[in-house]
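Below is one structure, written out as structure tokens; the observations come after it.
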Ligand code: SF4
């Protein structure tokens, strides 16, 4: 296991062995624990003291499928706290195959300089001046990078929004077709990358020096069992390949929990026009691909390729959270408009969730009408052009709320909520309030428990426990490099057992039932919470905005019911 | 009694003539439960079917009501 440290101030590159305290970590566990240890908590997120860390999961680069996640960590310019955001595509596997545990970007290039960080097939890293790519949008950029370095290249990059250092700027990740359509979207990490002077991380996918597996035979056997469980899950066998995550539009609207019109209602008028079932039909009719492999080594295929009426590519993997933010929150029940917005966000390099919610806040404040797709597209274009209003919008929902003096801003720790209203799905409120990441859609997503009838979404009972269990489990799985779909399928006792066997074989240390996911997840969360505490966060930051407690959400007309004391007990470890 | 059933997820594929705007009408005995409905529709447990009525997830033994449309969906763990 090696670390590559790149100093953007003096352009030095050092390769180190992973120190003992970081061994057995990858992905989120590694980025968060390193940031807590190495980044001054009160530093300027856009200054030279912050570090930007790219870490494939611990198991990325092994034969285990669905492990091409790459975690990106830093202090967030959006939340002011610790941030890990992970993306699929090809980068996780590419770094893993080179035996690189993390690339740590430190310091800051002088104003006006711009670089690629290139890692070749042998794992040699170099900084390449990239002035001519300044201001370039991501699709054109990646096309040029692939033409220059070859098709078998994985790219993480920023668009103009990252160069402007906007708080909603994303880091875009190239998928198996070379489209920069997957994203480490949350927390404004694209702005940190822009501040460092780094336009792209460019890594050869053909590395052949992954870290050795301690017990290869046992590992191979364990992989078979894990894959069997992942594929047997009906969500991965049926729903994800056919509808993708967009399959959630119908259940969440049916439960009255789809935050619509800036979270004024729990059901979007016309949601049937933008649900996964309709999306799959449209894609099929037009000759797109509803069952697309977005990431290296995937056996589930939750991705899709959305095309226009002429059959021309518009965007890839139109996802549930994007459909919600760009459709539900804005009242735009039109998949073609949402797909254009998705493509535009990827191209400019902004988080579709924070951007959609920022647009919704502006609409709610009366700037434009809900449902006005042309206005929404123009607003995102303004971010790309870097106009004055574009920069306000690019500051995220809080900046927009301040600009219009509007207080209905659905964020926690500055980061927008996800596609589950906490008044109709109380457990999501617990996760949104308490996650060290700010409101988040993967950190502890309770929707499966509601749909399986294990928990009543409208009652406060059991929500804190459910959120705690899932937040711990996800912190552990986010460390492994597996995608959410595979991880969710392994949350049961059989899955946990099979995964522990696999991890034991990989590490060569027997793991007990408490070691994974519990002990690892707790270790990661503790580091994240410690960083946030040192950065100045208190329990008052683990709260939802006022209106969730006061304004009933139709159709159930419920408010958020979990008391502050209960919220504070979420992490009583 | 007749109940209107709306299908979602990949369940629609089990009913080739299914039209989303119309759903399907199913004749069930008075007092029929969610379990009865799913077995009548021949939807096996492996499909992860979930029945939602008026915004609430029903349990297998809950009874269906006359004139109240039923949504049959599939459980998903998030995304
Ligand atoms: S299931 Fe989806 S997110 Fe997971 S590896 Fe496959 S395409 Fe990527």
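Residue numbers (my numbering), protein chains in the order written: chain C, 1 to 573; chain Z, 1001 to 1079.
The beta carbon of each residue, even a glycine, is placed where N, CA and C say it ideally should be.
Could you tell me whether any Cβ in chain Z is nearer than 8 Å to the Cβ of residue 251 of chain C?
For residue 251 of chain C, the answer is yes, since a Cβ of chain Z falls inside 8 Å of its Cβ.
Please indicate yes or no: does the CB of residue 485 of chain C lie closer than 7 Å to some heavy atom of the ligand SF4?
Yes, Cβ of residue 485 of chain C sits closer than 7 Å to a heavy atom of the ligand SF4.
Kindly list, in the order they appear in chain Z, the residues whose Cβ is closer than 9 Å to that of residue 242 of chain C.
Under the 9 Å cutoff, chain Z gives 1009, 1010, 1013.
Between which residues of its own chain and residue 130 of chain C is the CB-CB distance below 6 Å, once the five residues before and five after are set aside?
So the list reads 114, 115, 116, 199, once near-sequence residues are dropped.
Is it the case that the CB of residue 301 of chain C approaches a heavy atom of the ligand SF4 more closely than 7 Å?
Yes.
Please tell me whether residue 1017 of chain Z has its Cβ less than 8 Å away from any Cβ of chain C.
Not one chain C Cβ lies under 8 Å of residue 1017 of chain Z.
Here's a check: name, in chain order, each residue in its chain whose Cβ is nearer than 6 Å to the Cβ of residue 91 of chain C, leaving out the five neighbours to either side.
Same-chain partners within the cutoff: 70, 154, 156, 173.
Report yes if the CB atom of residue 559 of chain C is closer than 8 Å to the CB atom of residue 565 of chain C, and no otherwise.
The answer is no: Cβ separation not under 8 Å.
Would you report the Cα separation of residue 486 of chain C and residue 110 of chain C, rounded to the nearest angstrom?
Looking at the two C-alpha atoms, the distance is approximately 42 Å.
Please look up how many angstroms separate the CB atoms of residue 574 of chain C and residue 364 of chain C, rounded, as I've assumed it's under 8 Å.
Coverage of chain C is limited to positions 1 through 573, which leaves residue 574 of chain C absent and any answer about it impossible.
Can you list the beta strand (DSSP E) stretches of 3 or more residues lying completely in the region 253-339 of chain C, in chain order?
Taking only runs of at least 3 residues, the beta strand (DSSP E) segments lying wholly in the region 253-339 of chain C are 289-292, 303-307, 313-316.
In terms of residues, what are the limits of the beta strand (DSSP E) holding residue 202 of chain C?
It spans 198-204 - the beta strand (DSSP E) in which residue 202 of chain C sits, taken as one unbroken run.
Please identify the residue among C/46, C/527, C/257 whose C-alpha is closest to the C-alpha of residue 1055 of chain Z.
Among C/46, C/527, C/257, the Cα nearest to that of residue 1055 of chain Z is on C/257.
Report yes or no: is there a C-beta of chain Z within less than 8 Å of the C-beta of residue 445 of chain C?
It does; some Cβ of chain Z falls within 8 Å.
How many angstroms separate the CA atom of residue 601 of chain C from the CA atom of residue 175 of chain C?
Residue coverage of chain C in this structure runs from 1 to 573, which leaves residue 601 of chain C outside it and unanswerable.
Hey, would you say residue 507 of chain C sits closer than 8 Å to residue 24 of chain C, going by beta carbons?
In contact: residue 507 of chain C and residue 24 of chain C (Cβ atoms closer than 8 Å).
Residue 1067 of chain Z CB to nearest chain C CB: under 8 Å?
No, residue 1067 of chain Z does not count as interfacial toward chain C.
Expressed to the nearest angstrom, what Euclidean distance is found between the alpha-carbon atoms of residue 1050 of chain Z and residue 441 of chain C?
Cα to Cα, residue 1050 of chain Z sits roughly 22 Å from residue 441 of chain C.
By how many angstroms is the C-alpha of residue 220 of chain C removed from the C-alpha of residue 99 of chain C?
For residue 99 of chain C and residue 220 of chain C, the distance between alpha carbons rounds to 19 Å.
Could you name each continuous alpha helix (DSSP H) segment of 4 residues or more that falls completely within the region 17-100 of chain C, going from the start of the chain to the end?
Taking only runs of at least 4 residues, the alpha helix (DSSP H) segments lying wholly in the region 17-100 of chain C are 27-38, 91-97.
Using a Cβ cut-off of 9 Å, which residues of the region 155-172 of chain C contact any Cβ in chain Z, in chain order?
For the region 155-172 of chain C, which is checked against every Cβ of chain Z, not one residue is closer than 9 Å.
I'd like to know whether the C-beta of residue 1039 of chain Z is nearer than 8 Å to at least one C-beta of chain C.
Residue 1039 of chain Z does not count as touching chain C.
For the region 257-277 of chain C against the region 229-247 of chain C, are there 3 or more C-beta pairs whose distance is under 8 Å?
Output reads yes: the region 229-247 of chain C touches the region 257-277 of chain C.
Would residue 509 of chain C pass as a contact of residue 29 of chain C if the rule is Cβ separation under 8 Å?
No, they are not a contact pair.
What residues in the region 1029-1055 of chain Z have a beta carbon less than 7 Å from any beta carbon of chain C?
The residues in question are 1046, 1047, 1048, 1050, 1052, 1055.
Between which two residues does the beta strand (DSSP E) containing residue 115 of chain C stretch?
115-119 is the extent of the beta strand (DSSP E) around residue 115 of chain C.
Determine, for residue 235 of chain C, whether the minimum Cβ-Cβ distance to residues of chain Z falls below 8 Å.
True, the Cβ-Cβ gap to chain Z drops below 8 Å.
Is it right to say residue 529 of chain C is buried, meaning 16 or more other beta carbons lie within 10 angstroms of its own, or is it exposed?
Residue 529 of chain C is buried by the Cβ-count criterion.
Taking residue 308 of chain C as the reference, which of C/338, C/533, C/247 has the closest Cα?
Among C/338, C/533, C/247, the Cα nearest to that of residue 308 of chain C is on C/338.
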